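Asks: Structure provided below as structure tokens; questions to follow.
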Amino acid sequence: ELDKVLSRGVSADQISYGNTIKKSKDIRYFYDKGVRLYATDSEADLRNIAKAAPGSKVYVRILTEGSTTADWPLSRKFG
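When we follow my numbering, the leftmost residue of the sequence shown carries the number 270, and every step to the right adds one.
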């Protein structure tokens with residue numbers, strides 16, 4: 270998918286690797302292509318990103334307790 274997006278002229282600095290389950294070799298592949306934004310939800314994955322994509326930005330997905338008054342339970346997948 271990354272190569273398809275890049276071939277369409279999208280700049281790597283506008284791409285994030287949002288899958289939180291990824292192999293180190295895949296992180297490195299994205300990094301080598303210029304991607305510098307990654308998602309994680311585990312300490313082990315964060316270590317893999319730090320090793321395979323040094324200096325990159327990371328956003329962390331966290332599990333929260335759901336509100337009983339929210340229209341949508343934010344402790345479940347959304348978006």
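Ideal Cβ positions, reconstructed from N, Cα and C, are used throughout, including at glycine. Nothing here was measured: the structure is a model prediction, and the numbers come from that model.
1. Going by C-alpha distance, which of 301, 294, 331, 297 is nearest residue 312?
2. Return the first residue and the last residue of the alpha helix (DSSP H) that residue 349 is part of.
3. Taking the DSSP output, what are the residues bridged to residue 309?
4. Rounding to the nearest angstrom, what Cα-Cα distance links residue 315 and residue 337 in this structure?
5. Cβ of residue 304 within 9 Å of Cβ of residue 319?
Replies: Straight from the coordinates:
1. Of the candidates 301, 294, 331, 297, the residue whose Cα lies closest to the Cα of residue 312 is 331.
2. The first residue shown for the chain is 270 and the last is 348, placing residue 349 beyond what the model contains.
3. Residue 309 is bridged to 329.
4. The alpha-carbon atoms of residue 315 and residue 337 are separated by roughly 31 Å.
5. Cβ atoms of residue 304 and residue 319: not closer than 9 Å.
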